[in-house]
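The structure appears right after this line, and notes come after that.
Numbering (full-length UniProt numbering), first residue to last: 1 to 259.
As structure tokens, then:
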């Protein structure tokens, strides 16, 4: 009855990541006891060699294993890729062809992955960058790393973002680290918390700029009034001087007539 509940392991499908797939497929074939024929092939008897009945049975058993291994490989590899493999007579030929085609690409991907790891590690938020833009830039690198076979967990991305924010986010970062379980917080939850804090910062900056502009405007207005009063006094003084001058002129003219 126990065998009725046994779940057959799924055949690993080739997804372009050769190193990962070959490891899974090798383990799968070993669990089926077919790996020997894939790795070493089936040795055919030489011309004229006479086999005993036991040897014939052993050879047939190996050929049957090879046939079953081929069947698993056919199911694991897409038809478009299989059509590029010229020789498919044995499971070893298929396996060796896949290794030749894709292991070189896997090496190139490892080099690219190493470059992405460096880029991810040195990533920092720019002073003028918004939370949304920084998350988008971080996730773009993270997705590329995952495509190249990196097992990058969400908690690693969360920790990276928290330690690479600009100084103005220090307060909210400390609050998140102290009040929340970093292992449990999702990337979306982190972004939401940081966006709320960013909105508060932007609002405070707008209010500060408005206060500065208001203070400058008030100062200019007071200065203008002061200059206006100064001009008024100057005009009054000029008027008084004119009146004194006219009074003196009248006195002078009166003395002339008196003569």
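Every residue, glycine too, gets a C-beta built ideally from N, C-alpha and C.
Give the DSSP-derived three-state secondary structure of residue 122 in the structure shown. Position 122 of the chain shown holds residue 122. Looking at residue 122 - three-state DSSP - the assignment turns out to be coil, as it is neither helix nor strand.
If you measure between the beta carbons of residue 160 and residue 135, is that distance less than 8 Å? For this step, residue 160 is matched to residue 160 along the chain shown. For this step, residue 135 is matched to residue 135 along the chain shown. For residue 160 and residue 135, no; Cβs fall outside 8 Å.
Quick one: residues in its chain with C-beta nearer than 7 Å to the C-beta of residue 164, no 5 flanking neighbours on either side, listed in chain order? By 1-based counting over the chain shown, the position of residue 164 is 164. If we look at residue 164 and ignore the five residues flanking it on each side, its Cβ neighbours are 123, 124, 125.
Can you round the beta-carbon distance between residue 91 and residue 69 to whole angstroms, since I take them to be within the 8 Å contact cut? Translated into the one-based positions of the chain shown, residue 91 becomes position 91. Translated into the one-based positions of the chain shown, residue 69 becomes position 69. Contact flag correct, Cβ pair sits at about 4 Å.
Between which residues of its own chain and residue 97 is the CB-CB distance below 6 Å, once the five residues before and five after are set aside? Position 97 of the chain shown, counting from 1, holds the residue named residue 97. Closer than 6 Å at Cβ, skipping near neighbours: 85.
Can you tell me the Cα-Cα spacing of residue 208 and residue 112, whole angstroms? Locating residue 208 in the chain shown gives position 208, where the first residue counts as 1. Locating residue 112 in the chain shown gives position 112, where the first residue counts as 1. So the alpha carbons of these two residues sit roughly 46 Å apart.
Just the C-alpha distance for residue 50 and residue 101, rounded to the nearest angstrom, thanks. For this step, residue 50 is matched to residue 50 along the chain shown. For this step, residue 101 is matched to residue 101 along the chain shown. Whole-angstrom Cα-Cα distance: 38 Å.
Determine, using beta carbons only, whether residue 187 and residue 133 come nearer to each other than 8 Å. Residue numbering aside, residue 187 sits at position 187 when the chain shown is read from its first letter. Residue numbering aside, residue 133 sits at position 133 when the chain shown is read from its first letter. No.
Nearest by alpha-carbon distance to residue 193: which of 211, 173, 20, 206 is it? For the purposes of this step, residue 193 is identified with residue 193 of the chain shown, where counting begins at 1. Here the closest residue by C-alpha is 173.
Element boundaries [alpha helix (DSSP H), containing residue 139]: Position 139 of the chain shown, counting from 1, holds the residue named residue 139. It spans 131 to 147 - the alpha helix (DSSP H) in which residue 139 sits, taken as one unbroken run.
Residues near residue 146 by beta carbon distance below 8 Å, same chain, minus five either side: Locating residue 146 in the chain shown gives position 146, counting from the first residue. Hits under 8 Å: 152.
Over the uninterrupted alpha helix (DSSP H) stretch that includes residue 156, give me the two end residues. Here the question's residue 156 lines up with position 156 in the chain shown. Residue 156 -> alpha helix (DSSP H) spans 154 to 162.
For the alpha helix (DSSP H) that contains residue 8, what are its first and last residues? In the chain shown, residue 8 corresponds to position 8, counting from 1. Unbroken run through residue 8: none, as it is neither H nor E.
Taking all protein chains shown into account, do 16 or more other C-beta atoms lie within 10 angstroms of the C-beta of residue 57, making it buried, or fewer, making it exposed? On the chain shown, residue 57 is found 57 positions in, with the first residue counted as 1. Exposed, by the Cβ-count rule.
Roughly how many whole angstroms lie between the Cα atoms of residue 115 and residue 219? Locating residue 115 in the chain shown gives position 115, where the first residue counts as 1. Locating residue 219 in the chain shown gives position 219, where the first residue counts as 1. Cα to Cα, the separation comes out at about 56 Å.
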